[in-house]
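Numbering (UniProt numbering), first residue to last: 1 to 379.
Before any comments, here is the structure.
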């Protein structure tokens, strides 16, 4: 499995006890004992046979009652155990769902890529291309930080009013790079006392996400700057600055997106991993499209195929619900007016039908019969 989530405990629901055969056996046994006692009494004229027959019937009833009580007790214990196991599995599933849906809120982002790089709005188009795209030669770290931080200046001013900010530069950042960052930060009229210096270690993203979710990281934000803008760099060149915050922090900024926990995959991704991802990452069940590259395109295709039955089930459950289409405001107003008029017409028809039904029910039964006879004579 891509996520090492333990499998839920097996739930064994007990079969409900069947009493039809037991009731027949009890009735037949009691009838046999009574008939035997009565036959002995009429044959030997011994009244003790009736007493023994009555005692035998009582013993049979008590025996069957004891067995039935034990079965009911055992069935109740097994049913309670199965219900407790189900609740325990549901609790663990909810905890793992919260774990899988943990993420960092993207309060701001600034990118610097070649013009040919596609954007997420280009639906149906992969991000990557056959040939890597290049930027002009980098003028220096000062130009890089200025181009990345200038679009985030307002967001940074709002963010650092109540929270501190941890700045993470690339692992290869030198002292000169830090000095350039400080100078650009001061040139943008941002306070130097609001930030903390930190060097992000080259750890896996899943490990870094776990560190971000810890309690001591809740009170701070993260400004992460990464770039691939060196002469010998491979792939498409570019730079990005992320302003991340914990979901529990109220930054006053509108979230741009949410960075969720990564789901590692490979070329031989089994179907069980897809089911696990859709089960615990419930946010993905509302996904309509995917912005990906050509490397992960096969995985995305399989994921969309797995999502189609879920979307179909949701559509079948909500087909009776009238949902206005996603359109501009004037069309929303027109749709709301049409829906309001439709609701009023339905209410009026329902009220008219209710009044007619009430008047018909208020007519005595005798008058109804005369009305039916009069209608029948017409035909």
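By construction, the Cβ of each residue, glycine as well, lies at the ideal position given by its N, Cα and C atoms.
Note that the structure is predicted; figures quoted are calculated from it, not measured.
- Counting only unbroken stretches of 4 or more residues, no alpha helix (DSSP H) element lies wholly within the region 50-76.
- For residue 111, the enclosing beta strand (DSSP E) starts and ends at 103-112.
- Under the three-pair Cβ rule at 8 Å, the region 6-17 does not count as touching the region 29-48.
- When DSSP reads this structure, residue 162 sits in no beta bridge, so it has no partner.
- In terms of CA proximity to residue 223, 167 leads the group 34, 160, 167 and 143.
- Taking a contact to require three or more Cβ pairs closer than 8 Å, the region 17-37 and the region 92-105 do not qualify as touching.
- Shown here, residue 259 sits in a strand according to DSSP, grouped into three states.
- A residue is called buried when at least 16 other Cβ atoms come within 10 angstroms of its Cβ; residue 87 does not meet this threshold and is exposed.
- Exclusion of the five residues before and after residue 245 leaves 105, 107, 221 and 251 as the residues of its chain whose Cβ lies within less than 6 Å of its Cβ.
- Residue 148 counts as buried, since no fewer than 16 other beta carbons sit within 10 angstroms of its beta carbon.
- By the neighbour-count criterion, in which a residue is buried when 16 or more other Cβ atoms sit within 10 angstroms of its Cβ, residue 76 is exposed.
- Closest in C-alpha terms to residue 194, from the list 179, 176 and 160, comes 160.
- Note: residue 226 is bridge-paired with 240 in the DSSP secondary-structure output.
- Inclusion of residue 152 and residue 237 in the CB contact set at 8 Å is not warranted, their separation being larger than that value.
- Linking residue 209 to residue 138 through their CA atoms gives a straight-line distance of about 31 Å.
- Boundaries of the alpha helix (DSSP H) around residue 24: 20-44.
- Cβ atoms of residue 165 and residue 239 stay farther apart than 8 Å, at about 19 Å.
- In this structure, the alpha-carbon of residue 300 lies about 23 Å from that of residue 96.
- Around the beta-carbon of residue 303, 16 or more other beta-carbon atoms lie within 10 Å, marking it buried.
- Non-local beta-carbon contacts of residue 83 in its own chain, meaning distances under 8 Å to residues more than five positions away in sequence, are absent.
- The beta-carbon distance between residue 50 and residue 30, rounded to whole angstroms, is 14 Å. This is too long to meet the 8 Å contact definition.
- Of all alpha-carbon atoms in 13, 173, 67 and 277, the one lying nearest the alpha-carbon of residue 26 is that of 67.
- For residue 245, the three-state secondary structure derived from DSSP is strand.
- Assigned with DSSP and collapsed to three states, residue 5 falls in coil, not helix or strand.
- Non-local C-beta neighbours of residue 275 in its own chain, meaning closer than 6 Å and more than five positions away in sequence, are absent.
- Going by beta carbons, residue 230 and residue 184 fall outside the 8 Å limit.
- Taking the C-beta atoms as reference points, residue 226 is found nearer than 8 Å to residue 170.
- One alpha carbon belongs to residue 256, the other to residue 113, and they sit about 19 Å apart.
- Per DSSP, reduced to three states, the secondary structure at residue 221 is strand.
- Residue 235 and residue 132 do touch by the CB rule: their CB atoms are close to 5 Å apart, below 8 Å.
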